[in-house]
Amino acid sequence: MAKKTSAQRTAEAALDAAKDAAKDAKKLIKSLPKKDAKKLKPLVEDAKDAAKVSKKKVADRPKKVAKSATAATARLTQATARLEAEKKASDRKSAAKKDQKKAPKKSAVEPTPDAKQPAPKKAPKKAEAKKAEAKKAVAKKAVVAAPTVEPTVTITTPTSAPALAPAPAPAPAPVPTETSAAAPELSALTLVQLRARARAEGRTGYSRLTKAALLDLLAR
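Residue numbers for the sequence shown follow this note's numbering, beginning at 40 and rising by one.
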């Protein structure tokens, strides 16, 4: 038996490929729409015809046989791939439409978790806590800023000497000035209270003064 040439082997491989492509396309036709199936049927028949070649023709003209079978296979393969892609795309679209139709029904029947359980009102509590802290801070500032109230000193002087004992009227006691009366009270105050006192009296430049300087400033 004579050995086959490389051209003959190539031709036989092309014929086998055409047969396989025709079988696969025939299976695909069953799942395709009628319009697409009609387009594919002629190409399947061409591939079958290209694969039905006698051994004598393969031996005599292997290149021509291989060329014909390869071309038929290529046409069928390209058409099959295109129709498969179109089928997958249409399947995706139909599935998406079904999902869209089902979605409104589910949302209408089943309420969302947000609708079932209202969220706890945490914001008012936080706001009340902040207001309470602000009130406490204002109260502390008011206590620090309030100036100390000085006791009023009332001095009574004798209006007249006794009528029976004429004697020289005693010298009137020296009336204490504001500085002499306030000095011992100011010295008892703290630095914060002295600054609050200076602020209440409308003094300026007291924030950086020492206690001694503040006492001197307030005594003026």
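In this text, a Cβ means the ideal position worked out from N, Cα and C, and glycines have one as well. Since the structure is predicted, the reported quantities are computational estimates derived from the model, not experimental observations.
- Using a C-beta cut-off of 8 Å, the segment 40-54 makes no contact with the segment 64-83, since fewer than three inter-stretch Cβ pairs fall below that distance.
- Within the same chain, Cβ atoms closer than 6 Å to the Cβ of threonine 49 are found at Ala105, the five residues on either side in sequence being excluded.
- Scanning its chain for C-beta atoms nearer than 6 Å, with the 5 sequence neighbours on each side dropped, one finds around alanine 61 the residues Val83, Ala86, Lys87, in chain order.
- Our two residues, glycine 244 and arginine 236, have alpha carbons roughly 13 Å apart in a direct line.
- If you look at leucine 228, you'll find it isn't in any alpha helix (DSSP H); DSSP assigns it neither H nor E.
- Put simply, of Lys58, Ala110, Ala120, Lys66 the residue whose alpha carbon is nearest the alpha carbon of lysine 91 is Lys58.
- When secondary structure is reduced to three states using DSSP, valine 97 falls in the helix class.
- The Cβ-Cβ distance between glutamate 123 and leucine 67 falls below 8 Å.
- Annotation for alanine 120: no residue places its beta carbon closer than 6 Å to its own, counting only its chain and skipping 5 residues before and after.
- Annotation: proline 101 to arginine 114 spans about 20 Å, alpha carbon to alpha carbon.
- Boundaries of the alpha helix (DSSP H) around glutamate 51: 45-70.
- Check the Cα spacing between alanine 98 and each of Pro81, Lys42, Lys174, Ala76: the tightest is with Lys42.
- In terms of Cβ geometry, alanine 134 and serine 107 do not form a close pair [threshold 8 Å].
- Nearest neighbour of serine 226 by Cα position, chosen from Ala239, Gly241, Leu257, Leu248, turns out to be Leu257.
- For lysine 174, same chain residues with a beta-carbon under 8 Å away, outside a window of 5 residues either side, do not exist.
- Cα atoms of lysine 137 and alanine 76: separation of roughly 25 Å, rounded to the nearest angstrom.
- If you compare the alpha carbons of Thr44, Thr116, Lys95 with that of lysine 65, the shortest gap goes to Thr116.
- Within the same chain, Ala57, Asp85, Ala86, Ala89 come within 7 Å of alanine 111 by CB-CB distance, once the 5 residues on both sides are set aside.
- Here leucine 254 is not near arginine 234, since their CB atoms are 8 Å or more apart.
- Per DSSP, glutamate 240 lies in no alpha helix (DSSP H) and is assigned neither H nor E.
- For leucine 248, there is no enclosing alpha helix (DSSP H), since its DSSP letter is neither H nor E.
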